[in-house]
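I have placed the structure first, in the form of structure tokens, so that the comments after it can refer back to it.
Protein chains in written order, with my numbering: chain A, 1 to 440; chain B, 441 to 880.
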């Protein structure tokens with residue numbers, strides 16, 4: 001049996017009861033995290049670009065654009081919710097592959113689940129299985145696919161979205177396989193788009209493509225049965241190397257969702273060890289931001305590759321500037337969305353500190369580790385070593401810190417009481433008879 | 441100036457009056473050809489898969505699904521019209537690159553042109569410039585991009601669609617450049633999908649992606665300014681080799697649209713020399729289909745690569761079986777859509793002849809040439825050599841034969857009188873004050 005078919009059979013055949021309790025809990029955490037982030041981002045003016053487009057096109061009010069006070073078509077809702085989920089770069093990260101699986105996956109499941117009145121357990125299973133299949137495919141093509149210049153969240157996200165939507169629509173293995181075929185041949189998104197609206201758009205497009213693929217497959221759409229492993233399939237065409245045995249190894253016994261971490265900081269994940277270090281240095285008694293003469297960061301090679309941006313000029317660019325991240329970590333002790341406003345990026349004090357950052361690549365440095373060294377005006381130095389950044393699989397964000405993150409992010413959109421009430425319902429998502437009306 | 445910007449400035453700045461008369465005529469021919477093909481294909485049951493999806497989603501009746509008696513949203517109309525334009529594999533082909541530029545380009549322009557009441561000249565300029573930019577980008581990444589496994593019509597089609605839609609919306613160079621950025625990062629479609637609904641879906645998705653990119657760019661969407669030539673841009677990521685100087689060389693002086701040929705046969709273009717040869721052999725006095733013992737085809741290497749399919753089982757597969765194409769050429773003397781029905785593919789007489797075809801690759805054989813040799817029961821042989829297939833740039837389909845093709849294809853959808861009347865209006869497209877209501 002080919003890998004595409006095997007993954008389709010796994011996803012279509014699994015029952016909620018088959019999911020280990022810890023997988024259910026982790027899926028719930030991923031839902032809570034991404035809904036918080038999306039609700040926060042729903043207030044971003046850029047969402048209006050899409051909403052004006054939706055209003056011009058019209059359509060049935062089938063599903064909610066989270067936080068926007070608007071219902072629209074299934075395809076539009078998936079696009080907008082995938083966009084806001086990824087806009088702040090504050091969603092989850094599958095550490096082995098730098099994939100953000102929930103942003104494309106959850107919106108593709110949520111829109112039809114809401115319309116069809118599916119249960120909380122249906123949604124949890126759809127999201128858990130979508131994330132699982134998606135991350136396993138990513139593992140099979142990593143690191144070659146990402147290194148080639150692809151934004152793996154936009155490309156491979158279509159598979160998580162297709163699986164999650166297929167589950168909600170109740171597709172069998174054969175139809176799920178056709179949905180995967182339709183979705184895979186829509187896989188798109190290059191890293192050139194980083195730092196613009198097109199990056200979060202990739203996640204929205206992946207959500208939309210996966211959902212529409214499942215809707216078309218349900219109606220009889222035909223597509224390549226071996227979209228992953230075929231001679232001209234996604235593996236061969238989009239990844240100079242690949243090992244699809246890794247996609248199915250231990251399927252249903254070992255869960256990739258446990259390698260999916262929740263971000264404490266609202267920016268590119270490779271900068272997180274450096275922010276942990278900066279926040280820790282700021283708390284040292286001898287620290288004085290005004291006295292910092294030089295900042296040296298010993299980092300993994302991906303850090304300058306993905307986030308070496310010494311002079312960001314807009315908030316979105318700041319999210320991909322490790323120099324900016326270190327500077328706000330030292331000045332504000334935080335890297336929340338407020339630290340990535342246009343105003344903050346253009347703050348002269350931040351810019352001055354940013355200019356002092358020097359990156360030194362260490363081939364032996366793990367991706368979730370770093371060393372940060374400050375040289376002060378008196379010639380002395382301060383140093384902090386981080387072994388596992390907060391939010392990495394070895395140092396997961398706690399449920400309490402996740403709850404704080406959700407309340408901080410959702411409150412501006414829903415009010416404090418609304419955010420608290422939604423959080424309570426999300427922790428008990430497995431008890432919800434229907435997800436219709438769950439998220440405003 | 442980068443290539444993305446240069447192409448955007450060219451497309452945004454050109455006036456209809458700047459287009460050579462022959463370019464205008466060729467663009468008109470491309471429009472006539474693709475509308476004929478799409479109107480024919482609008483009767484295909486597979487279109488209903490999309491229409492049922494559109495009906496479920498709803499939306500404003502902004503633009504026509506050609507031949508379907510239906511108006512829908514701009515995005516849906518572009519998707520459906522791109523799908524039917526490419527469904528029969530009977531659209532145009534840019535010979536240097538095997539790209540089918542009009543199927544993604546025309547629908548992206550037509551939908552907004554219809555709603556905005558743009559003139560025939562506006563439409564012609566949008567299509568001519570969309571095809572020109574798209575084909576030039578294809579030339580820059582050919583053959584590497586296609587050889588890698590990409591369906592170039594699906595991938596690079598987004599650029600033709602984005603340019604054509606940007607023209608109709610009246611975007612300036614800066615906004616057109618943003619539309620190209622949004623479109624390029626949606627470029628998708630692998631050759632693994634050939635032989636399924638997903639192949640023509642690629643053209644529809646390209647049309648939709650390009651149009652939506654222009655609509656979003658108009659509203660302020662930001663994207664990578666150097667989507668083609670950037671370090672992680674489409675060229676670098678999607679093509680192992682590339683030469684973007686070829687995209688801008690002689691821009692506005694030399695026109696790639698003249699390398700775009702109109703297909704006489706409703707199947708993959710690499711089979712066309714073999715069909716010309718089969719049709720010619722059938723007309724020989726000594727020919728007798730029942731007496732054929734062996735069929736040898738000396739062909740370009742791409743023929744077995746793209747269309748070596750000895751046992752097709754469905755009509756769509758027959759379009760990518762050179763063996764089937766040769767058999768129907770010999771039996772029916774034609775390769776019209778009727779020759780690619782499921783019934784015809786499963787006709788035992790066709791299957792028997794198909795089984796006798798042997799392909800011999802000749803490295804020196806040009807793509808638009810071939811030699812076909814029949815061995816008859818009495819041991820004698822018949823041979824036909826084709827130097828330039830009908831529809832190739834050196835042997836273009838005549839206006840008369842194009843008119844016949846259009847009338848044959850459009851009549852089942854519009855009736856003979858309706859098809860004739862539309863054809864008359866299309867030959868005078870440059871005189872039309874508005875394209876609203878032009879195509880039913």
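Glycine included, C-beta positions come from ideal geometry on N, C-alpha and C.
How should residue 379 of chain A be labelled, buried or exposed, when 16 other C-beta atoms within 10 angstroms of its C-beta is the threshold for buried? Its Cβ having fewer than 16 others within 10 Å, residue 379 of chain A is exposed.
So, using beta-carbon positions, are residue 176 of chain A and residue 75 of chain A closer together than 8 Å? no
Residue 563 of chain B lies in the alpha helix (DSSP H); which residues open and close that run? 560-581
Entirely enclosed alpha helix (DSSP H) segments - the stretch 250-285 of chain A, minimum 4 residues: 272-282
Starting from the beta carbon of residue 186 of chain A, find every residue of chain C whose beta carbon is closer than 7 Å, and list them in chain order. Looking for chain C here will not work: the only protein chains present are A and B.
Alpha carbon of residue 627 of chain B to alpha carbon of residue 287 of chain A, nearest angstrom: 49 Å
Distance cutoff 8 Å, beta carbons only. Does residue 202 of chain A sit that close to anything in chain B? yes
Go ahead and pull the three-state DSSP assignment for residue 795 of chain B. Secondary structure at residue 795 of chain B: coil, using DSSP grouped into helix, strand and coil.
Using a Cβ-Cβ distance cut-off of 8 Å, determine whether residue 223 of chain A contacts chain B. Yes, residue 223 of chain A lies at the interface with chain B (some Cβ there is under 8 Å from its Cβ).
Span separating the alpha-carbon of residue 439 of chain A from that of residue 71 of chain A: 11 Å
Need the endpoints of the beta strand (DSSP E) that residue 26 of chain A sits in, please. Counting along the chain, residue 26 of chain A falls outside any beta strand (DSSP E), though it belongs to the alpha helix (DSSP H) covering 21-41.
Taking Cβ positions, are residue 459 of chain B and residue 565 of chain B nearer each other than 8 Å? yes
So, with DSSP's three-state summary, where would you put residue 611 of chain B? coil
DSSP state of residue 108 of chain A mapped onto helix, strand, coil: Three-state result, residue 108 of chain A: helix.
6 Å CB neighbourhood of residue 197 of chain A in its chain, flanking five on each side removed: 46
Segment contact, 8 Å Cβ cut-off, at least three pairs: the stretch 698-714 of chain B with the stretch 533-550 of chain B: yes
Starting from residue 319 of chain A, find everything on chain B with Cβ-Cβ shorter than 9 Å and list it in chain order. Chain B residues near residue 319 of chain A: none, gap ~14 Å exceeds 9 Å.
If we cut at 8 Å on Cβ distances, does residue 78 of chain A have a partner in chain B? no
For residue 515 of chain B, decide whether its Cβ has a neighbour in chain A, counting only Cβ atoms nearer than 8 Å. yes
Using 8 Å for Cβ pairs, my map puts residue 233 of chain A next to residue 224 of chain A. What's the rounded Cβ distance? Your pair residue 233 of chain A and residue 224 of chain A checks out as a contact, with CB atoms roughly 7 Å apart and the cut at 8 Å.
Identify the contact partners of residue 766 of chain B in chain A, using a Cβ-Cβ distance below 9 Å as the criterion. Those within 9 Å of residue 766 of chain B in chain A number zero; the least Cβ separation is about 24 Å.
Any beta carbon from chain A within less than 8 Å of residue 493 of chain B's own beta carbon? Residue 493 of chain B belongs to the set of residues whose beta carbon lies under 8 Å from a beta carbon in chain A.
Given that a residue counts as buried once 16 or more other Cβ atoms are within 10 Å of its Cβ, and exposed if not, what is residue 156 of chain A? buried
Starting from the beta carbon of residue 182 of chain A, find every residue of chain B whose beta carbon is closer than 8 Å, and list them in chain order. 638 and 641
Whole-angstrom distance between residue 522 of chain B and residue 773 of chain B, CA atom to CA atom: 29 Å
Residue 801 of chain B and residue 739 of chain B look like a contact to me (Cβ under 8 Å); what is the Cβ gap, rounded to whole Å? 6 Å
Paired residues, beta bridge with residue 72 of chain A - DSSP: A:63
Where the alpha helix (DSSP H) through residue 5 of chain A begins and ends: 3-13
Residues of chain B with CB closer than 7 Å to the CB of residue 168 of chain A, please, in chain order. Under the 7 Å cutoff, chain B gives no residues; its nearest Cβ is about 15 Å from residue 168 of chain A.
What does the alpha-carbon distance come out to for the pair residue 609 of chain B and residue 444 of chain B? 19 Å
Any heavy atom of the ligand MG closer than 7 Å to the CB of residue 184 of chain A? In terms of ligand content, the structure shown is empty, and the ligand MG therefore cannot be addressed.
Among residues of its own chain, excluding the 5 on either side of residue 407 of chain A, which ones have a beta-carbon nearer than 6 Å to its beta-carbon? 419, listed in sequence order.
Could you tell me whether any Cβ in chain B is nearer than 8 Å to the Cβ of residue 150 of chain A? Output row for residue 150 of chain A: interface = yes.
Check distances from the C-beta atoms of the stretch 695-719 of chain B to those of chain A and list, in chain order, the residues that come in under 8 Å. none
Which same chain residues, not among the five before or five after residue 154 of chain A, have their C-beta less than 7 Å away from its C-beta? Counting only Cβ-Cβ distances below 7 Å, and skipping sequence neighbours, we find 188, 189, 202, 203, 205 and 206.
Among residues of its own chain, excluding the 5 on either side of residue 68 of chain A, which ones have a beta-carbon nearer than 6 Å to its beta-carbon? 42
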